[in-house]
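If you read the sequence shown in this note's numbering, its first letter stands for residue 331, the second for the next number, and so on.
Where a beta carbon is used, it is the ideal one built from N, C-alpha and C, also for glycine.
Please read all numbers here as calculations on a predicted model, not as lab measurements.
In what follows, a structure is listed as structure tokens, so that the remarks can point back to it.
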Amino acid sequence: MSRPYQVLAAPCEFMFEEKRSTFTAVLSPAQEREVALAQLETLRRERPGASHYCWAYILGAAAQPESMAFSDDGEPGGTAGKPMLNVLEHREAGNCMAVVVRTFGGTKLGAGGLVRAYGAAVSGALDVALWSVVTPSIGISIAVGFALEERVRHCLEQHQMTVVAADYTTEVTLTANVPESAVSAITEELRELTSGAARIRPAD
């Protein structure tokens, strides 16, 4: 079963400075690759003239991502995008696009210095970020006689489970969104409530 996970709720940024080079981490919510890369292009237009626009993203839950990617954008391999992604993973930053806009200050930092700077910039932005929690849910179909409909609806409402559809034929079939972790418990409760009359299965 999937567990609840956190996702970035709003854009934020943080600037880290090292030997006159600035590393400005800009975090933006993103659920799709196209959205993440569009945010990157927006930053390139809004903040022209930077030395590098390195980025990393995680789409979906950080523990079980739907997709993740990164780019060093011309920095030495492994010194920017990957460290940024590592921080996002460690901090469980779901649905998060991170771009670090670097302005060169005239002093080379070396590979170790770059890894620390890019990681510190993203970490600082995560410290001020706002989050929301996503609880994975699935649809279940509950078929009962008309006399039991109100009882079933009341039970679902008590558990804050939303009925998203109702189909009326010779009986009523309710479709509800239920947290994955609660499917077994609500199935058992509904069967007890209806004395075994409810037929419950995954929704189509």
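- Between Leu-357 and Cys-426, the CB-CB gap stays under 8 Å.
- Between the alpha carbons of Gln-336 and Glu-405 lies a distance of about 30 Å.
- DSSP lists Ala-473 as the beta-bridge partner residues of Arg-529.
- Across the structure, Leu-478 and Leu-389 are spaced so that their CA atoms are roughly 41 Å apart.
- Here DSSP, grouped into helix, strand and coil, assigns Gln-336 to strand.
- Per DSSP, the beta bridge partners of Arg-432 are Phe-353, His-382.
- For Asp-457, the enclosing alpha helix (DSSP H) begins and ends at 440–458.
- For Ile-472 against Thr-503, the beta-carbon gap comes to about 7 Å, under 8 Å, which counts as contact.
- Taking a C-beta distance under 8 Å as the contact criterion, Thr-524 and Val-463 do not qualify as a contact pair.
- For Leu-478, no alpha helix (DSSP H) segment is defined, and its DSSP state is neither H nor E.
- Under the 10 Å beta carbon count, Ser-397 is surrounded by fewer than 16 other beta carbons and is classified as exposed.
- Within its own chain, the residues whose Cβ lies closer than 8 Å to the Cβ of Ala-455, once the five positions on either side in sequence are excluded, are Cys-342, Glu-343, Phe-344, Ala-355, Val-356, Leu-357, Ala-428, listed in chain order.
- Per DSSP, reduced to three states, the secondary structure at Glu-362 is coil, with no helix or strand assignment.
- Two segments are said to touch when three or more pairs of C-beta atoms, one from each, lie closer than 8 Å; by this definition the segment 409–422 touches the segment 443–462.
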